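S.K.:
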Amino acid sequence: MTTKDALAQQKSLRIGLIYNLKRKTPAVEDDSEAEFDSPATVGAIAKALEGLGHSVELFEARDNLPGKLAEGTIDIAFNIAEGSGGRSREAVVPALLDLYDIEYTGSDATTLSLTLDKSLAKRIVAQAGLKTAPFILMFTGKERLPKDLTFPVVCKPNAEGSSKGIFAKSVANNTDELRQIVKSLIKRYSGGVLVESFLSGREFSVGLLGPNKKPKVLPPMEIVFLDKDNPTPIYTFEHKIADNQEVRYQAPADVDPKLKKKLETLASKSYQVLGCRDVSRIDIRLDAKGEPCFIECNPLPGLSPQWSDLCIIAGAAEISYDELIAHIVAPAIKRFHARKRS
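Letter by letter, the sequence shown follows residues 123 to 464 of the working numbering.
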């Protein structure tokens, strides 16, 4: 019996789908709503939940959300809200749900705050003995560089998702270029700029589902860079907002068993030490020696059908879109019923 079939046999629940609605088409000039979800994505998730036998109520994460949650019209929440303003924005909805004692999908407020701050996530992962590239968090562009930071380096906003602020020109080959890029990013994004040594190997993304202690690790997807003349290719914002000829997605990745095991182990351990639950996507890149290194964790991965990385990864693992949604909501339903029994 599949997860979807098992859930369909359970008692119908009232599920609140909480989201931020995308009203603008993301562009390099205006990426303010790049992390938000389109009406099509919201509709697809709602349809999948209804297909499991549940009723769905839509909640846009706006200033009237607390009052709506206080009305007590839902049993659990399916949370995909990204929030707006500040590095703790992704934690606002989970914190509200905890306040109103409503069970919800995905990681809690602590993990969402931690992972949105890329430098904090890297520190936690490194302290756990997992590999990540040398880095520094910069707020002025004038900071003294650590000795282990080697060029070229990649500069990215520290507290943004969806690759916002990461462009082809985000790679610096010397100190002057680094400081110029950092100063430019500081003017546009709050939360500082993460500068990390460029990893010259292959890049992968790994999806995980289920409990923190023993998640289901999906086969890795490779982001294949097609421009062989570029010595420092990176996965940029431009790649994520439109079709292009610079990258393709290989899912599942063509890797040998040894590398596959290393990728799965790094992803699983990162998921665990960062406190993730239910669903996350871990981005990994190989260093010059071919060793996997943690890049970042996204515990609110995009769920746009046939477009978002996690959906591509799931599809390659022969998990349909509806089944993916069922996998994500299943642990929250289990926690809801456990509460009722206690």
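Each residue gets a CB set at the ideal place from its N, CA and C atoms; glycine is no exception.
Note that the coordinates shown come from a computational prediction; the quantities given were computed from them, not determined experimentally.
Output the boundary residues of the alpha helix (DSSP H) element that contains ASP220.
M.R.: Taking the sequence shown and counting its residues from 1, one reaches residue 220 at position 98. ASP220 -> alpha helix (DSSP H) spans 214-221.
S.K.: Check whether the Cβ atoms of ASP400 and THR227 sit closer than 8 Å, and answer yes or no.
M.R.: Residue mapping note: residue 400 aligns to position 278 of the sequence shown, counting from 1. Residue mapping note: residue 227 aligns to position 105 of the sequence shown, counting from 1. Against a cut-off of 8 Å, the Cβ pair of THR227 and ASP400 comes out as a contact.
S.K.: Have a look at LEU135 and LYS462 and give me their C-alpha separation to the nearest angstrom.
M.R.: On the sequence shown, position 13 is the one that residue 135 refers to. On the sequence shown, position 340 is the one that residue 462 refers to. Rounded to whole angstroms, LEU135 to LYS462 spans 13 Å at the Cα level.
S.K.: Please name the residue, chosen from GLU318, TYR393, GLU386, that lies closest to LEU234 on a Cα-to-Cα basis.
M.R.: Position 112 of the sequence shown, counting from 1, holds the residue named residue 234. Closest by alpha carbon: TYR393.
S.K.: To which residues of the same chain is PRO374 closer than 6 Å at the C-beta, ignoring the five residues directly before and after it?
M.R.: By 1-based counting over the sequence shown, the position of residue 374 is 252. So the list reads PRO341, ALA438, once near-sequence residues are dropped.
S.K.: Which residue marks the beginning of the beta strand (DSSP E) containing ASP400, and which one marks its end?
M.R.: Residue numbering aside, residue 400 sits at position 278 when the sequence shown is read from its first letter. Looking at the DSSP string, the run of the beta strand (DSSP E) that includes ASP400 is 400-408.
S.K.: Kindly indicate which three-state DSSP category ILE246 falls into: helix, strand or coil?
M.R.: Here residue 246 refers to the residue found at position 124 when the sequence shown is read from its first residue. In the structure shown, ILE246 sits in a helix (DSSP, three-state: H, G or I).
S.K.: Starting from ALA199, trace the beta strand (DSSP E) in both directions and tell me its first and last residue.
M.R.: As a position in the sequence shown, residue 199 is number 77, starting the count at 1. Run containing ALA199: 198-201, per the beta strand (DSSP E) assignment.
S.K.: According to the Cβ coordinates, are ILE140 and ALA199 closer than 8 Å?
M.R.: Counting from 1 along the sequence shown, the entry for residue 140 is found at position 18. Counting from 1 along the sequence shown, the entry for residue 199 is found at position 77. In contact: ILE140 and ALA199 (Cβ atoms closer than 8 Å).
S.K.: Using only the alpha-carbon positions, how far apart do VAL214 and TRP429 sit?
M.R.: Position 92 of the sequence shown holds residue 214. Position 307 of the sequence shown holds residue 429. Distance between the alpha carbons of VAL214 and TRP429: 26 Å.
S.K.: Thinking ALA170 and ASN142 are a contact (beta carbons under 8 Å), I'd like their distance in whole angstroms, please.
M.R.: Residue mapping note: residue 170 aligns to position 48 of the sequence shown, counting from 1. Residue mapping note: residue 142 aligns to position 20 of the sequence shown, counting from 1. ALA170 to ASN142, Cβ: 19 Å. No contact.
S.K.: Evaluate ILE450 with the Cβ neighbour count: other Cβ atoms within 10 Å of its Cβ, from every protein chain shown; 16 or more gives buried, anything less gives exposed.
M.R.: Stepping through the sequence shown from its first residue, residue 450 is reached at position 328. Buried, since its Cβ has 16 or more Cβ neighbours within 10 Å.
S.K.: Sort out for me which residues DSSP pairs LEU483 with in a bridge.
M.R.: Look at the range of the chain in this structure, 123 to 464, and you will see that residue 483 is not part of it.
S.K.: Along the beta strand (DSSP E) that carries GLN372, what are the first and last residues, could you check?
M.R.: The residue you call residue 372 lines up with position 250 of the sequence shown. Its beta strand (DSSP E) spans residues 369-372.
S.K.: If we ignore side chains and look at the alpha-carbon of each, how far apart do ASP376 and SER206 end up?
M.R.: In the sequence shown, the residue the question calls residue 376 occupies position 254. In the sequence shown, the residue the question calls residue 206 occupies position 84. Those two C-alpha atoms are separated by around 38 Å.
S.K.: Where do the ends of the alpha helix (DSSP H) carrying GLY173 lie?
M.R.: Along the sequence shown, read from residue 1 onward, the residue named residue 173 stands at position 51. It spans 161-173 - the alpha helix (DSSP H) in which GLY173 sits, taken as one unbroken run.
S.K.: How about VAL346 and ALA389: are their beta carbons less than 8 Å apart?
M.R.: Counting from 1 along the sequence shown, the entry for residue 346 is found at position 224. Counting from 1 along the sequence shown, the entry for residue 389 is found at position 267. Not in contact: VAL346 and ALA389 (Cβ atoms no closer than 8 Å).
S.K.: Touch check for the segment 281-290 and the segment 246-260: three-plus C-beta pairs under 8 Å?
M.R.: The segment 281-290 vs the segment 246-260: no contact.
S.K.: Check whether the Cβ atoms of ILE224 and ILE137 sit closer than 8 Å, and answer yes or no.
M.R.: To locate residue 224, count along the sequence shown from 1; it is residue 102. To locate residue 137, count along the sequence shown from 1; it is residue 15. No, the pair does not count as a contact, with Cβ atoms beyond the cut-off.
S.K.: Nearest-angstrom Cα distance between PHE261 and LYS278?
M.R.: In the sequence shown, the residue the question calls residue 261 occupies position 139. In the sequence shown, the residue the question calls residue 278 occupies position 156. Each residue's Cα considered, the two are about 12 Å apart.
S.K.: Return helix, strand or coil for PHE416, following the three-state DSSP convention.
M.R.: For the purposes of this step, residue 416 is taken as the residue at position 294 of the sequence shown. Looking at PHE416 - three-state DSSP - the assignment turns out to be strand.
S.K.: Out of VAL369, ILE404, ASP349, point me to the one whose CA is closest to GLU486's CA.
M.R.: Because the chain is modelled from 123 through 464, residue 486 falls outside the range shown and cannot be assessed.
S.K.: Specify, as a first and last residue, the run of the alpha helix (DSSP H) that PRO188 falls within.
M.R.: Position 66 of the sequence shown holds residue 188. Run containing PRO188: 187-192, per the alpha helix (DSSP H) assignment.
S.K.: Hey, would you say THR354 sits closer than 8 Å to PHE326, going by beta carbons?
M.R.: Stepping through the sequence shown from its first residue, residue 354 is reached at position 232. Stepping through the sequence shown from its first residue, residue 326 is reached at position 204. Their beta carbons are not under 8 Å apart, which means THR354 does not touch PHE326 by this criterion.
S.K.: Expressed to the nearest angstrom, what Euclidean distance is found between the alpha-carbon atoms of PRO333 and ASP351?
M.R.: Position 211 of the sequence shown, counted from the start, is the residue given in the question as residue 333. Position 229 of the sequence shown, counted from the start, is the residue given in the question as residue 351. Approximately 42 Å, taken between the alpha carbons.
S.K.: What first and last residue would you give for the beta strand (DSSP E) that runs through LYS269?
M.R.: Within the sequence shown, residue 269 is the residue found at index 147, counting from 1. Looking at the DSSP string, LYS269 is not in any beta strand (DSSP E), and its letter there is neither H nor E.
S.K.: Going by DSSP, what residue range makes up the beta strand (DSSP E) through VAL315?
M.R.: Residue numbering aside, residue 315 sits at position 193 when the sequence shown is read from its first letter. From DSSP, the beta strand (DSSP E) with VAL315 extends over 315-319.
S.K.: Check each candidate in ASP298, LYS240, LEU238 and name the one with the smallest Cα separation from ARG266.
M.R.: Here the question's residue 266 lines up with position 144 in the sequence shown. When each option's Cα is compared against that of ARG266, the closest is ASP298.
S.K.: Which residues in the same chain have their Cβ closer than 6 Å to the Cβ of TYR443, if we skip the five residues on either side of it in sequence?
M.R.: Locating residue 443 in the sequence shown gives position 321, where the first residue counts as 1. Correct list, in chain order: PRO427.
S.K.: Rounding to the nearest angstrom, what Cα-Cα distance links ARG209 and GLY397 in this structure?
M.R.: What you label residue 209 is simply residue 87 of the sequence shown in a count that begins at 1. What you label residue 397 is simply residue 275 of the sequence shown in a count that begins at 1. About 18 Å.
S.K.: Taking Cβ positions, are PRO423 and SER402 nearer each other than 8 Å?
M.R.: For the purposes of this step, residue 423 is taken as residue 301 along the sequence shown, with counting starting at 1. For the purposes of this step, residue 402 is taken as residue 280 along the sequence shown, with counting starting at 1. A contact, by the Cβ cut-off of 8 Å.
S.K.: Name the one or two DSSP bridge partners that LEU331 has.
M.R.: Translated into the one-based positions of the sequence shown, residue 331 becomes position 209. LEU331 is bridged to LYS338, VAL401.
S.K.: Take TYR371 and list the residues in its own chain whose beta-carbon comes closer than 8 Å to its own, dropping the five residues that flank it on each side.
M.R.: Translated into the one-based positions of the sequence shown, residue 371 becomes position 249. Here the set comprises MET343, GLU344, ILE345, VAL346, ASP431, ILE434.
S.K.: Is ALA454 helix, strand or coil when you go by DSSP?
M.R.: Taking the first residue of the sequence shown as 1, we reach residue 454 at position 332. The answer is helix: DSSP assigns ALA454 an H, G or I state.
S.K.: Rounded to a whole number of angstroms, what is the C-alpha to C-alpha distance between GLU204 and VAL178?
M.R.: By one-based count along the sequence shown, residue 204 stands at place 82. By one-based count along the sequence shown, residue 178 stands at place 56. In a straight line, the C-alpha of GLU204 is about 19 Å away from that of VAL178.
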